[in-house]
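2 protein chains.
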Amino acid sequence: MTLRGRKKGETVPQGVVVRLPVYFRYLTELESAGTERISSAQIGEALDFTAAQIRSDLSYFGSFGQQGYGYNVKELLDQVKQILGITRKHSMVLVGAGNLGKAIGSYEWFREEGFDIKAIFDVDPHLIGNYHGGCAIRSIDEISTYLRENPTDIGIIATPKSAGQSVCDLLVEGGVRSIWNFSPAHLSVPDHVIVENIHLTDSLLRLAFRLNEHNLGNS
Amino acid sequence: MTLRGRKKGETVPQGVVVRLPVYFRYLTELESAGTERISSAQIGEALDFTAAQIRSDLSYFGSFGQQGYGYNVKELLDQVKQILGITRKHSMVLVGAGNLGKAIGSYEWFREEGFDIKAIFDVDPHLIGNYHGGCAIRSIDEISTYLRENPTDIGIIATPKSAGQSVCDLLVEGGVRSIWNFSPAHLSVPDHVIVENIHLTDSLLRLAFRLNEHNLGNS
DNA sequence: TAGATTGTTAATCGATTAACAATC
DNA sequence: TAGATTGTTAATCGATTAACAATC
């Protein structure tokens, strides 16, 4: 299906990219609750956005509603899935099988939505050979060979900071075009590679800031 | 110390809150590398911001630089710590001792920066009584009593989605004023409570969107 | 002093919102 | 038809950037 709403060459603003997954989550809930129909005003009410913003966001990608009716939940959810690109499967490799890596590897939701961890790598000889979630843990030395034989969409970095950049380089060399980075490292990548960071420390610091904000002496 | 830069009543824009931890990380690196002095232009170069933005961000909180010189790294880092509120200690409780909870509980960085996990709670009888990082895992039934006796700054929710809101309610009832939420649940809290979310699924969906963006049919 | 760089103001850019014609 | 709600345009709001006087 061709999406015609967005004008040629226009890029999608960051805010829209942030809100799309929120819409996805809400529509998924609505669908499993059996709701058939929803208006932008109702979505806005539930998610604390303005109705105009929701209509404006969606209009980047097409016209999915009907005047006087609103949106069909199932139809809109399908469109949002299409937009997010999760109608196709994504192959992933996970590097780092420590606590965090194991936690990521155990998330059932990923597999359900077509994000499949195909291989796990680590440096620790004690971990190599173990299985996690039906997937053998391999030596990091094998990653280049693996990637050559198994083209991979997404590389997950769950290593300590010190290993972040070198692992990233291995992934990029192996043709991986997107990196999901859980390490505190700031990664340098070529232009064509996408990086999405989960910086736990940044998140905790934002929380601390807002917790202490009113103590800054000029309330 | 009183910070005088921000005009009374002005709120700090979201973008500034997002960038402050990035400045913190970079200044910490500079300090341990022994760098004494830095200009806004240099910071901008390293972090991919404009120099003007950095100066503008900092000026919300005061004047920390010197014309013709720039900023003293150590001094600016101290100021940023002050601004983020991490010159004081923060007490935390962790709810959920699964893989993710264990991963969070193992982060040494938190303790080093004064964020101290004082107690861990779970519902699983197999986990209760175990120790993790020198901290006993207690029954969730004890949390209200615990919080009454031990005032706590931050509550970490690392439970499945289904338990998210009820755990959140227990924390808020217990006087916790800020929630670090790793569950996929969208939490409802009173106005005075701060929520900082780590939504793994949203993050992965943003990655998928950008990975598939150019496939949308109107490149 | 001359050179460098700040903090801040004004100009620019982009995102959000309000309003409404189109129309189901 | 009358009522409701879309998609989009124009107005508003806020954040970023460029420019520069102040000054170390």
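Top line first, the protein sequences correspond to chains A and B. FYI, my numbering numbers position 124 of the first sequence as 537, with every residue one higher than the one before it. FYI, my numbering numbers position 147 of the second sequence as 560, with every residue one higher than the one before it. Here a beta-carbon is modelled for each residue, glycine too, at the ideal position from N, C-alpha and C.
Per-residue contacts from residue i into chain A (C-beta, under 7 Å)
{"i": "R590 (chain B)", "result": "L624"}
{"i": "A621 (chain B)", "result": "L497, G498, I499, H503"}
{"i": "I567 (chain B)", "result": "L620"}
Contacts that residue i makes with chain B (C-beta to C-beta distance below 9 Å)
{"i": "Y436 (chain A)", "result": "In chain order: nothing, as chain B lies at least about 10 Å away."}
{"i": "V431 (chain A)", "result": "D615, R619"}
{"i": "F523 (chain A)", "result": "L613, T614, L617"}
{"i": "F528 (chain A)", "result": "L617, A621"}
Per-residue contacts from residue i into chain B (C-beta, under 7 Å)
{"i": "A516 (chain A)", "result": "N512, L513, A516"}
Neighbourhood of residue i by C-beta distance below 7 Å, restricted to the same chain and skipping five residues each side
{"i": "P597 (chain A)", "result": "K574, H612, T614"}
{"i": "A459 (chain A)", "result": "Y439"}
{"i": "G447 (chain B)", "result": "none"}
{"i": "R419 (chain B)", "result": "With a pLDDT of 48 at R419 (chain B), under the threshold of 50, the modelled position of this residue cannot be trusted; read the value that follows with caution. Here the set comprises Y473, F474."}
{"i": "L489 (chain A)", "result": "L440, F477"}
{"i": "V429 (chain B)", "result": "D470, Y473"}
{"i": "Q427 (chain B)", "result": "none"}
{"i": "V435 (chain B)", "result": "L460"}
{"i": "Q480 (chain A)", "result": "none"}
Contacts that residue i makes with chain B (C-beta to C-beta distance below 8 Å)
{"i": "L613 (chain A)", "result": "I517, Y520, I611"}
Same chain, Cβ closer than 8 Å to residue i, five either side skipped, listed in chain order
{"i": "I450 (chain B)", "result": "One detail in the question is off: residue 450 (chain B) reads as Arg in this sequence, not Ile. Contacts found: Y482, G483, Y484, N485, V486."}
{"i": "L513 (chain A)", "result": "A571, F595"}
{"i": "Q578 (chain A)", "result": "A598, L600, S601"}
{"i": "I541 (chain B)", "result": "D535, I550, R551, S552"}
{"i": "T415 (chain B)", "result": "With a pLDDT of only 33 at T415 (chain B), under the threshold of 50, the placement of this residue in the model should not be trusted, and no figure is reported."}
{"i": "E609 (chain B)", "result": "S591, I592, W593, N594"}
{"i": "P566 (chain B)", "result": "It should be pointed out that residue 566 (chain B) corresponds to Asp in this sequence rather than to Pro. Result list for D566 (chain B): H503, S504, M505, V589, R590, S591, in chain order."}
{"i": "Q455 (chain A)", "result": "G483"}
{"i": "E442 (chain B)", "result": "none"}
Proximity winner among the options, relative to residue i (alpha-carbon distances)
{"i": "F523 (chain A)", "options": "A:E586, A:D461, A:S504, A:S552", "result": "A:S504"}
{"i": "F437 (chain B)", "options": "B:I467, B:Q427, B:T463", "result": "B:I467"}
{"i": "V506 (chain A)", "options": "A:K515, A:I499, A:G498, A:S472", "result": "A:K515"}
{"i": "I553 (chain A)", "options": "A:Q427, A:A510, A:A446, A:E444", "result": "A:A510"}
{"i": "L583 (chain A)", "options": "A:T500, A:F534, A:R501, A:D529", "result": "A:F534"}
{"i": "V431 (chain B)", "options": "A:L620, A:L624, A:S591, A:N625", "result": "A:L620"}
{"i": "S453 (chain A)", "options": "A:S445, A:G447, A:L471", "result": "A:L471"}
{"i": "V493 (chain A)", "options": "A:F477, A:G547, A:Y559", "result": "A:F477"}
{"i": "V425 (chain B)", "options": "B:S445, B:L497, B:L490", "result": "B:L497"}
{"i": "G568 (chain A)", "options": "A:V589, A:H599, A:K502, A:D529", "result": "A:V589"}
{"i": "E521 (chain B)", "options": "B:G546, B:G577, B:G428, B:Q480", "result": "B:G546"}
{"i": "H539 (chain A)", "options": "A:H605, A:Q427, A:D566, A:I550", "result": "A:I550"}
{"i": "K502 (chain A)", "options": "A:D537, A:P564, A:N543, A:Q427", "result": "A:P564"}
{"i": "H605 (chain A)", "options": "B:G587, B:H627, B:H605, B:N610", "result": "B:H627"}
{"i": "A532 (chain A)", "options": "A:T558, A:Q479, A:Q495", "result": "A:T558"}
{"i": "D491 (chain B)", "options": "B:F622, B:C548, B:Y544, B:E444", "result": "B:E444"}
{"i": "Q495 (chain A)", "options": "A:Q479, A:Q480, A:V508, A:E526", "result": "A:E526"}
{"i": "C548 (chain A)", "options": "A:Q480, A:Q455, A:V508", "result": "A:V508"}
Residues that residue i contacts on chain A, provided the C-beta gap is smaller than 8 Å
{"i": "I607 (chain B)", "result": "L620, R623, L624"}
DSSP beta-bridge partners of residue i
{"i": "D529 (chain B)", "result": "B:S504"}
{"i": "C548 (chain A)", "result": "A:H545"}
{"i": "E609 (chain A)", "result": "A:W593"}
{"i": "F477 (chain B)", "result": "Answer by DSSP bridge pairing: none, since F477 (chain B) is not bridged."}
{"i": "D535 (chain A)", "result": "A:S552"}
{"i": "I569 (chain A)", "result": "A:L507, A:W593"}
{"i": "N512 (chain A)", "result": "DSSP output for N512 (chain A) lists no bridge partner at all."}
{"i": "I451 (chain B)", "result": "B:Y484"}
Close Cβ partners of residue i (< 6 Å) along its chain, the five nearest in sequence each way excluded
{"i": "G650 (chain A)", "result": "There is simply no residue 650 (chain A) to check, as chain A begins at 414 and stops at 632 in what is shown."}
{"i": "R561 (chain A)", "result": "none"}
{"i": "A576 (chain A)", "result": "none"}
{"i": "N543 (chain B)", "result": "I550"}
Cβ separation of residue i and residue j, assumed to be a contact under 8 Å, to the nearest whole Å
{"i": "I592 (chain B)", "j": "I570 (chain B)", "result": "6 Å"}
{"i": "L617 (chain A)", "j": "I607 (chain B)", "result": "Their Cβ separation, rounded to whole angstroms, is 12 Å, which puts L617 (chain A) and I607 (chain B) out of contact at 8 Å."}
{"i": "V580 (chain A)", "j": "P603 (chain A)", "result": "Contact flag wrong, Cβ pair sits at about 16 Å."}
{"i": "Y518 (chain B)", "j": "I530 (chain B)", "result": "For clarity, residue 518 (chain B) is Gly in the given sequence; the question names Tyr instead. Sure, about 6 Å apart at Cβ, within 8 Å."}
{"i": "F528 (chain A)", "j": "L433 (chain B)", "result": "About 32 Å separates the two Cβ atoms, so there is no contact after all."}
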